[in-house]
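Visitor:
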Amino acid sequence: DDMLHVFVYNDSENRPVATTETPYAVVGDFALMRVNQVNQVGAFLDWGLVNKELLVPFREQRVRMQAGRSYIVYVYIDDATKRIVASAKLNKFLDNKMPRFYHRQKVDVLVVQRTELGYKVIVDNLFWGLLYSNEIYGDINIGDRRTGFIKQVRDDGKIDVTLEKIEKVRVDDLGEVIENYLKKHGGEMTLNDKSDPKDIMDTFNCSKKDFKKALGLLYKQKKVTLGETTKLVK
2 DDMLHVFVYN
12 DSENRPVATT
22 ETPYAVVGDF
32 ALMRVNQVNQ
42 VGAFLDWGLV
52 NKELLVPFRE
62 QRVRMQAGRS
72 YIVYVYIDDA
82 TKRIVASAKL
92 NKFLDNKMPR
102 FYHRQKVDVL
112 VVQRTELGYK
122 VIVDNLFWGL
132 LYSNEIYGDI
142 NIGDRRTGFI
152 KQVRDDGKID
162 VTLEKIEKVR
172 VDDLGEVIEN
182 YLKKHGGEMT
192 LNDKSDPKDI
202 MDTFNCSKKD
212 FKKALGLLYK
222 QKKVTLGETT
232 KLVK
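Numbered per this note's numbering, the sequence shown spans residues 2 to 235.
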């Protein structure tokens, strides 16, 4: 038997309607959606369905929403009307308990807001997290969904995440990798302890911090000289 997957919602007359279209988000999801129109009831979002927009009542707007702009919202069933609606007041839908993640755990990340330090993100649809600017390589936009990794859960419950897979790299192993790289490239490279973290990541797939530690160890072992370039001691 062929199965058909449908999405069911109530229309304006409160009648159930089934569609084979897929909405941008279902109940329990956070997502970035664009406002199609605003009227006396609230803001109506493009939900990805041809005949149905998603209402954000005025009481669920953090700032007054404007047509044509996009906002991160949470989709839920309103207790009073039993209809699917959305809210931009995200805090009340996130968990304020202490997160139980472990270091390097793989998580889903939704990019929500630019901050001074980087980007505020929602981790696994449950918690606020922070993605630091200096650890972002390539383009990133509000509403992007990425795979992230837990760097740490701080004492205050705040979560630091990274988009790079965190591999346990031993400094002496990395030193050997750098040494072999130098041997293959005529004993010299432009990368040094002042190089751009992205260039270091692209070449050695490690953080600048680990690179500097490994370079420092090679220098102590008198295997390299450090300057404008890094040179292998012959």
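The beta carbon of each residue, even a glycine, is placed where N, CA and C say it ideally should be.
Strictly by DSSP, which residues pair up with valine 36?
Guide: DSSP output for valine 36 lists Leu46 as bridge partner(s).
Visitor: Determine the DSSP secondary structure at leucine 55, reduced to helix, strand or coil.
Guide: Note: leucine 55 maps to strand in three-state DSSP.
Visitor: Answer with yes or no whether the minimum CB distance from valine 113 to chain C is below 7 Å.
Guide: The structure shown has no chain C; it contains just one protein chain.
Visitor: Identify, in the order they occur along the chain, each residue of the same chain with its Cβ nearer than 7 Å to the Cβ of serine 134, setting aside the five sequence neighbours on each side.
Guide: Leu118 and Gly119, listed in sequence order.
Visitor: Do the CB positions of lysine 214 and valine 172 come within less than 7 Å of each other?
Guide: Yes; because the gap between Cβ atoms is below 7 Å, this pair is in contact.
Visitor: According to DSSP, proline 100 sits in a beta bridge with which residue or residues?
Guide: In the DSSP output, where bridge partners are listed per residue, proline 100 has none listed.
Visitor: Which residue or residues does DSSP assign as beta-bridge partners of methionine 4?
Guide: Note: methionine 4 sits in no beta bridge, so no partner.
Visitor: By Cβ distance below 7 Å, which residues in the same chain neighbour isoleucine 141 in space, the five residues on each side in sequence not counted?
Guide: Excluding residues within five positions, the ones whose Cβ falls inside 7 Å are Val112 and Tyr120.
Visitor: So, with DSSP's three-state summary, where would you put asparagine 92?
Guide: Looking at asparagine 92 - three-state DSSP - the assignment turns out to be helix.
Visitor: For asparagine 78, which residues in the same chain have their Cβ closer than 8 Å to its Cβ, ignoring the five residues on either side in sequence?
Guide: Inspection of the sequence shows that residue 78 is occupied by isoleucine rather than by asparagine. Contacts found: Val28, Arg84, Ile85 and Val86.
Visitor: May I have the straight-line CA-CA distance separating glycine 130 from valine 110, to the nearest angstrom?
Guide: The straight-line gap from Cα to Cα measures roughly 8 Å.
Visitor: Any idea what DSSP makes of arginine 65, helix, strand or coil?
Guide: Arginine 65 falls in the coil class under three-state DSSP.
Visitor: Find out if the Cβ-Cβ distance for the pair leucine 164, glycine 144 is shorter than 7 Å.
Guide: Their beta carbons are not under 7 Å apart, which means leucine 164 does not touch glycine 144 by this criterion.
Visitor: What's the call for tyrosine 72, buried or exposed, on a 16-neighbour Cβ count within 10 Å?
Guide: Under this definition tyrosine 72 is a buried residue.
Visitor: On the DSSP letters alone, give me the boundaries of the beta strand (DSSP E) that leucine 248 sits inside.
Guide: With the chain running from 2 to 235 in the structure shown, residue 248 is simply not present.
Visitor: How would you call lysine 235, buried or exposed, if buried means at least 16 neighbouring beta carbons within 10 angstroms?
Guide: When all chains shown are included, lysine 235 counts as exposed.
Visitor: At which residues does the beta strand (DSSP E) containing tyrosine 138 begin and terminate?
Guide: Counting along the chain, tyrosine 138 falls outside any beta strand (DSSP E), and DSSP gives it neither H nor E.
Visitor: Let's see if you can read the secondary structure: which residues bound the beta strand (DSSP E) around lysine 121?
Guide: Taken as a continuous stretch (DSSP letters only), the beta strand (DSSP E) holding lysine 121 covers 119-124.
Visitor: For the ligand ADP, is there a heavy atom less than 6 Å away from the beta-carbon of proline 100?
Guide: Absence of the ligand ADP is noted for the structure shown, with no ligands found whatsoever.
Visitor: Does the segment 149-160 come close enough to the segment 94-102 that 3 or more CB-CB pairs lie under 8 Å?
Guide: With the cut-off at 8 Å, the segment 94-102 and the segment 149-160 touch.
Visitor: How long is the line joining the alpha carbons of glycine 69 and glutamate 54, rounded to whole angstroms?
Guide: Each residue's Cα considered, the two are about 14 Å apart.
Visitor: Output the boundary residues of the alpha helix (DSSP H) element that contains threonine 204.
Guide: Where threonine 204 is concerned, the enclosing alpha helix (DSSP H) stretches over 198-205.
Visitor: Please report how far the alpha carbon of valine 108 lies from the alpha carbon of aspartate 125, in whole angstroms.
Guide: Distance between the alpha carbons of valine 108 and aspartate 125: 6 Å.
Visitor: In terms of residue numbering, what span does the beta strand (DSSP E) encompassing alanine 19 cover?
Guide: Note, alanine 19: beta strand (DSSP E), 17-20.
Visitor: For my contact list, methionine 4 and valine 36 are in at a C-beta cut-off of 8 Å; report their separation, rounded to the angstrom.
Guide: That belief does not hold up - the Cβ atoms of methionine 4 and valine 36 are roughly 35 Å apart, past 8 Å.
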